[in-house]
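Student:
Protein chains: 2
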Amino acid sequence: MEKGKRHISLKDLALEIGVSISTVSRALNNHPDISPEVTRRIQKLAAEMNYTPNPLAMGLLKQATRMIGVIVPDLVTHFYSSIISGIEEVAEEKGYYILIASSNETLKKEIISVRNMLNTRVEGLIVCLSQETKSYEHFDRLIKNDIPLVFFDRVCRINEVPSVVVNNVDAAKKITRHFYKNGFRRIGYIAGPNHLNISQERAEGYLSGLQSCGIEFNPELLVQCNMSSKDATRATGRLLDLPQKPDAIFGINDTVAFAAMKEIKRRGLRIPEDIALVGFTDEFHATVVDPPLTSITHPTFEIGQAAARLFFNQIENPESEPEQVVLNTKLVVRKSSVK
Amino acid sequence: MEKGKRHISLKDLALEIGVSISTVSRALNNHPDISPEVTRRIQKLAAEMNYTPNPLAMGLLKQATRMIGVIVPDLVTHFYSSIISGIEEVAEEKGYYILIASSNETLKKEIISVRNMLNTRVEGLIVCLSQETKSYEHFDRLIKNDIPLVFFDRVCRINEVPSVVVNNVDAAKKITRHFYKNGFRRIGYIAGPNHLNISQERAEGYLSGLQSCGIEFNPELLVQCNMSSKDATRATGRLLDLPQKPDAIFGINDTVAFAAMKEIKRRGLRIPEDIALVGFTDEFHATVVDPPLTSITHPTFEIGQAAARLFFNQIENPESEPEQVVLNTKLVVRKSSVK
DNA sequence: AACCTTTGCGCAAACCTTTGCGCTATTTTG
DNA sequence: CAAAATAGCGCAAAGGTTTGCGCAAAGGTT
Numbered sequence: 001m002e003k004g005k006r007h008i009s010l011k012d013l014a015l016e017i018g019v020s021i022s023t024v025s026r027a028l029n030n031h032p033d034i035s036p037e038v039t040r041r042i043q044k045l046a047a048e049m050n051y052t053p054n055p056l057a058m059g060l061l062k063q064a065t066r067m068i069g070v071i072v073p074d075l076v077t078h079f080y081s082s083i084i085s086g087i088e089e090v091a092e093e094k095g096y097y098i099l100i101a102s103s104n105e106t107l108k109k110e111i112i113s114v115r116n117m118l119n120t121r122v123e124g125l126i127v128c129l130s131q132e133t134k135s136y137e138h139f140d141r142l143i144k145n146d147i148p149l150v151f152f153d154r155v156c157r158i159n160e161v162p163s164v165v166v167n168n169v170d171a172a173k174k175i176t177r178h179f180y181k182n183g184f185r186r187i188g189y190i191a192g193p194n195h196l197n198i199s200q201e202r203a204e205g206y207l208s209g210l211q212s213c214g215i216e217f218n219p220e221l222l223v224q225c226n227m228s229s230k231d232a233t234r235a236t237g238r239l240l241d242l243p244q245k246p247d248a249i250f251g252i253n254d255t256v257a258f259a260a261m262k263e264i265k266r267r268g269l270r271i272p273e274d275i276a277l278v279g280f281t282d283e284f285h286a287t288v289v290d291p292p293l294t295s296i297t298h299p300t301f302e303i304g305q306a307a308a309r310l311f312f313n314q315i316e317n318p319e320s321e322p323e324q325v326v327l328n329t330k331l332v333v334r335k336s337s338v339k
Numbered sequence: 001m002e003k004g005k006r007h008i009s010l011k012d013l014a015l016e017i018g019v020s021i022s023t024v025s026r027a028l029n030n031h032p033d034i035s036p037e038v039t040r041r042i043q044k045l046a047a048e049m050n051y052t053p054n055p056l057a058m059g060l061l062k063q064a065t066r067m068i069g070v071i072v073p074d075l076v077t078h079f080y081s082s083i084i085s086g087i088e089e090v091a092e093e094k095g096y097y098i099l100i101a102s103s104n105e106t107l108k109k110e111i112i113s114v115r116n117m118l119n120t121r122v123e124g125l126i127v128c129l130s131q132e133t134k135s136y137e138h139f140d141r142l143i144k145n146d147i148p149l150v151f152f153d154r155v156c157r158i159n160e161v162p163s164v165v166v167n168n169v170d171a172a173k174k175i176t177r178h179f180y181k182n183g184f185r186r187i188g189y190i191a192g193p194n195h196l197n198i199s200q201e202r203a204e205g206y207l208s209g210l211q212s213c214g215i216e217f218n219p220e221l222l223v224q225c226n227m228s229s230k231d232a233t234r235a236t237g238r239l240l241d242l243p244q245k246p247d248a249i250f251g252i253n254d255t256v257a258f259a260a261m262k263e264i265k266r267r268g269l270r271i272p273e274d275i276a277l278v279g280f281t282d283e284f285h286a287t288v289v290d291p292p293l294t295s296i297t298h299p300t301f302e303i304g305q306a307a308a309r310l311f312f313n314q315i316e317n318p319e320s321e322p323e324q325v326v327l328n329t330k331l332v333v334r335k336s337s338v339k
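Line order of the protein sequences matches chains X and S. Residue 277 in this note's numbering is what sits at position 277 of the first sequence, and the numbering runs on without skipping anything. Residue 68 in this note's numbering is what sits at position 68 of the second sequence, and the numbering runs on without skipping anything.
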C-alpha cells in the first residue's frame, strides 16, 4: 500500500485484478452476474487488503449517514452517561453511530448543537432539554421536515414528538407517603425551574401525596432552585431558616439532595434524626454518602434503550403516531429517611 | 422546499438562480471570478434557504471527515466523561466532531471499536486503554499508516505514540509521605493490574515514599485488584484479615477507595481513627462521602484538552516526534486521612 | 479593422459506491 | 444452421463539492 494511502477503494481492487469497478462491487455483494471464479478472487483480495466500504460514499449515495445526534445537559453525571450507554447499545445493534453534544444546561449551546448536528447530516436527534429551555422553535425545522426526534426525561411537544419519561407524579407521591409513614409531617420540597416537566410533575406528586395523607400544603415548604449545587445549598438554607423548620426534605434530584445533605450537616443537624432526606435519580454514590441516601432509582440504561427504539421506530416507520414511553421507578429506602 | 428534501444542495441553488453549480460554489467562496451582482444574489438565496455544505461530499473530496474517534474504558465515571468534555472543547474550536465508544474495560470491545472507528473513516483516535489490554497489535495499523493516535492515562508505546499522563510516581509518593507525617506507619496499597502503567507507577511512588520515610516495604501490604468495586472489596478484606492490619490504606483510584471505605465500615472499623484512607482521582463525590475522602485531584478537563491538542499537532504536523505531556496533580487532604 | 486581453461563467474530473442498462460472446432452442 | 436466450462483464449516472481548464463576449490596443 502506498504511503499515505490509508484506506483502499473499489478502484484499487479493480486495478489490481484487472476488472472494472462495478464488477468488484458486484462481486463483493455476491451478485449472480459475476462468475464464481472472479467473485472468489475479488473477495480474497478484498479480505487480504482489508477493504471496507467508504461510509462517506455510501452516505452520499443512500442519503443516510447512520448517525444519531444526542444532546444532553451535561456529560459528567452518571444519569446522562448511563442513558447514553443505553442509546449506544441499541444504536450499535442497528449499525448506527452516535454523535454526542452537551448543552451545558444552556439554551444557547442547545440551539447551536441542534444546528451543528443537522449540518453534520445526522439522521435525527435524541435530546434531553437544557434547564434553561422554555422555547422550542429550534426544533421546528426537525418537526416540519420529518427528521426523527426523540425527547427523554425533560420533554416538550409531547403530542408531536415521541418521548421517554418516568412516572414522576407517582414517584414523588411515593416519597411523600414514605415520609408520612415514618412519622414525618413537615415535609419540604426543593423544586427545579417551573417550566420543566420533571419539576412540575414531581411537585404535583408531592401535593397529591400530602393530600392523600391529610396534610395541608404549606407554601413555605416548597422552594425552588436551578438545580446547581450552589443554588440548592441556598434553597436548603431557606428551608432551614424557617421559624418552623421542615422535619423532612425531598430534593428534585440527587445533586440537589447531596447539596442539601452538606448544608444540613454544616448547620450541625443530624440526618435523619433532625431532618430526613430523600433524593431523586439514585446516582451511584447515593450508597456511599453518610447516611446512605434514600432515593428514586431511575432505569437509566432502559431510558436510553427506549429512546433509541423510539428513534428507530421513526426511521423505519415514518408515519407512526408519536408515542410516549413511561418507565417505572422504585423507591429505594436507606438510612437518610428512617429514624 | 419539497417534502422529504431535508437539505438543499448547490444544485438546488443553481437551478433556482439559473447558473451552473460551479458558479454557485465559487460565489459562496467569494471567488473573484464571479461578478459582485451574481455573488450577492447567490449568497442571499443560500442564506434564505439556509444552505450548508454537505460534509459527506466534502469528506469524499478532501479525504477528511473531521471526526475524531475517542475510546474510553467506560462512559459513566466522572473521570472519563470530564476528559471527554475537554477533548470536545478543543475539537469544537477546530470544527471537529468526536465519535465516542466505550471498551467496557475489555480488550475484545476495544479491538472492535478500533476497527469500527477506522471503518467509519475517523481521522484518528484518542484512546485510554482498557484494563485488560496488554497486547497492542490492534494499534499497529494506525502507527504503520501514520493515522493520528493519542493515548491518555493508561498508555503504551510511548516512544511511538504521543500521550498524556499525570505524575503518578510523584503523587503516590506524596500520599505515602502524607500518611507518614500524620503518624501512620503500616501503609497498605491496593493496586490494579500489573501491566497498566498507572498501577506500576503508583506502586513505584509508594515504594519510593516508604523508603524516603525509612519504612521497610512489607509485601503483605501491597494487594492487587482488577479495579472493580467487587474485587476492591475483596482486596480490602485481605488487608483487614492480616494478623497485623494496616493503619492506612491507599487505593489506586476513588472507585477502589469507595469500596474500601464501605468494607472498612462494614467491619465496624472507624476512618481515620482505626484506618486512614486515601484515594486517587478525586471524583466529585469524594467530598460527599463520610468521612470526606483525601484524594489526588486530576486535572481531567486539561487531560482531555492536552490529548486533543496532541492530536491536532499530528494532523497539522505529521512529521513531529511523539511527545508525552505530564500534568501535575494535587493532594487534597480531607478527614479520611487525618486523625 | 484586426488582434489581444480581460471578465465572467460553464464543463468535467475527482473523491467512492451502487445499479440500470447495454454490450459481447457463448450457449441453448426450434 | 440460424435465431434467440443467457452468462458475464463494462459504461455511466447519481449523490454533493471543489477546481483546473476552456470558452464566449466584451473591452481595449494598434
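All C-beta atoms in this analysis are idealised placements derived from N, C-alpha and C, irrespective of residue type, glycine included.
Does the CB of Asp12 (chain S) have a neighbour CB from chain X at under 8 Å?
Tutor: no
Student: Per the contact definition of three or more C-beta pairs closer than 8 Å, is the stretch 246 to 260 of chain X in contact with the stretch 272 to 292 of chain X?
Tutor: yes
Student: Closest Cβ-Cβ distance between Lys174 (chain X) and chain S: below 8 Å?
Tutor: no
Student: For Glu323 (chain S) versus Leu310 (chain S), is the C-beta spacing smaller than 8 Å?
Tutor: yes
Student: Since Lys144 (chain X) is in the alpha helix (DSSP H), which residue starts that stretch and which ends it?
Tutor: Asp140 to Lys144
Student: In chain order, what residues of the same chain lie with their CB nearer than 6 Å to the CB of Val150 (chain X), ignoring the 5 residues before and after it?
Tutor: Ile126, Pro162, Ala307, Leu310 and Phe311
Student: Distance, Cα to Cα, Gln224 (chain X) vs Gly279 (chain X)?
Tutor: 15 Å
Student: For the beta strand (DSSP E) holding Ala101 (chain S), just list the boundary residues, first then last.
Tutor: Unbroken beta strand (DSSP E) run through Ala101 (chain S): Tyr97 to Ser102.
Student: When you compare only the Cα positions, how much space is there between Lys94 (chain X) and Ile68 (chain X)?
Tutor: Their Cα atoms are separated by approximately 11 Å.
Student: Could you work out which residue in S:Asn29, S:Lys44, S:Arg6 and S:Thr281 is closest to Ile17 (chain S) when comparing CA atoms only?
Tutor: By alpha-carbon distance to Ile17 (chain S), the top candidate from S:Asn29, S:Lys44, S:Arg6 and S:Thr281 is S:Lys44.
Student: I believe His84 (chain X) touches Gly304 (chain X) by the beta-carbon criterion, under 8 Å. Please report the beta-carbon distance rounded to the nearest angstrom.
Tutor: The residue asked about is misnamed: residue 84 (chain X) is Ile in this sequence, not His. Contact flag correct, Cβ pair sits at about 6 Å.
Student: What is the DSSP secondary structure of Gly188 (chain X), reduced to helix, strand or coil?
Tutor: strand
Student: Which residue from S:Val165, S:Ser229 and S:Lys108 puts its Cα closest to that of Arg202 (chain S)?
Tutor: Relative to Arg202 (chain S), the option among S:Val165, S:Ser229 and S:Lys108 whose CA is nearest is S:Val165.
Student: What are the partner residues of Leu277 (chain X), as DSSP defines its beta bridges?
Tutor: Beta-bridge pairing by DSSP links Leu277 (chain X) to X:Ile249.
Student: Once DSSP output is grouped into helix, strand and coil, what is the label at Val134 (chain S)?
Tutor: The residue asked about is misnamed: residue 134 (chain S) is Lys in this sequence, not Val. It is coil, neither helix nor strand.
Student: What did DSSP end up calling Phe217 (chain X) once you bin it into helix, strand or coil?
Tutor: coil
Student: Alpha carbon to alpha carbon, what distance is there between Ile42 (chain S) and Ala14 (chain X)?
Tutor: 41 Å
Student: Would His31 (chain S) be called buried (16 or more neighbouring beta carbons within 10 Å of its own) or exposed?
Tutor: exposed
Student: Does DSSP put Leu222 (chain S) in a helix, in a strand, or in coil?
Tutor: strand
Student: For a contact defined as C-beta to C-beta under 8 Å, what are the partners of Gly59 (chain S) on chain X?
Tutor: Leu56
Student: Counting only beta-carbon separations shorter than 8 Å, does His7 (chain X) have a partner in chain S?
Tutor: yes
Student: Determine whether the Cβ of Thr342 (chain S) lies closer than 8 Å to any Cβ atom of chain X.
Tutor: Chain S is shown only over 1 to 339; residue 342 (chain S) falls outside these bounds and no answer can be derived.
Student: Any idea if Ser103 (chain X) is buried or exposed, counting beta-carbon neighbours within 10 angstroms, 16 or more meaning buried?
Tutor: buried
Student: Please identify the residue among S:Phe301, S:Ile98 and S:Leu240 whose C-alpha is closest to the C-alpha of Ile71 (chain S).
Tutor: S:Ile98
Student: Of all the beta strand (DSSP E) runs that stay within the bounds of the stretch 141 to 183 of chain X, which reach a length of 3 or more residues?
Tutor: 149 to 152 and 163 to 166
Student: Using a beta-carbon distance below 8 Å, is Arg266 (chain S) in contact with chain X?
Tutor: no
Student: Identify each residue in the stretch 285 to 305 of chain X for which the Cβ-Cβ distance to at least one residue of chain S is less than 7 Å, and report them in chain order.
Tutor: His285, Val288, Val289 and Asp290
Student: Could you tell me the distance, in whole angstroms, from the CA atom of Pro53 (chain X) to the CA atom of Ala46 (chain S)?
Tutor: 32 Å
Student: For a test of the three-state rule: what should DSSP assign to Thr297 (chain X), helix, strand or coil?
Tutor: strand
Student: Considering Cα atoms alone, identify which of S:Pro243, S:Asn218, S:Lys181 and S:Gln63 is closest to Thr6 (chain X).
Tutor: According to the sequence shown, residue 6 (chain X) is Arg rather than Thr. Looking at the Cα atoms, S:Gln63 is the closest of the given residues.
Student: Less than 6 Å between C-beta atoms, sequence neighbours within five positions excluded: which residues of the same chain meet that for Gly86 (chain S)?
Tutor: Phe301, Gly304 and Gln305
Student: Would Pro292 (chain X) pass as a contact of Arg334 (chain X) if the rule is Cβ separation under 8 Å?
Tutor: Yes, they are a contact pair.
Student: Beta carbons nearer than 9 Å to chain X: which residues of the stretch 216 to 242 of chain S have them?
Tutor: Here the close residues number zero.
Student: Could you work out which residues of chain X lie near Leu99 (chain S), taking near to mean beta carbons separated by less than 9 Å?
Tutor: Met67, Tyr97, Ile98, Leu99 and Ile100
Student: Using a cut-off of 7 Å between C-beta atoms, extract the partners of His138 (chain X) located in chain S.
Tutor: Correct list: empty, because the minimum Cβ distance to chain S is about 13 Å.
Student: Cutting at 8 Å between CB atoms, please list the residues of its own chain near Lys3 (chain X), excluding the five before and the five after it.
Tutor: Reliability fails at Lys3 (chain X), whose pLDDT of 44 lies under 50, so the model's placement of it is uncertain and no value is given.
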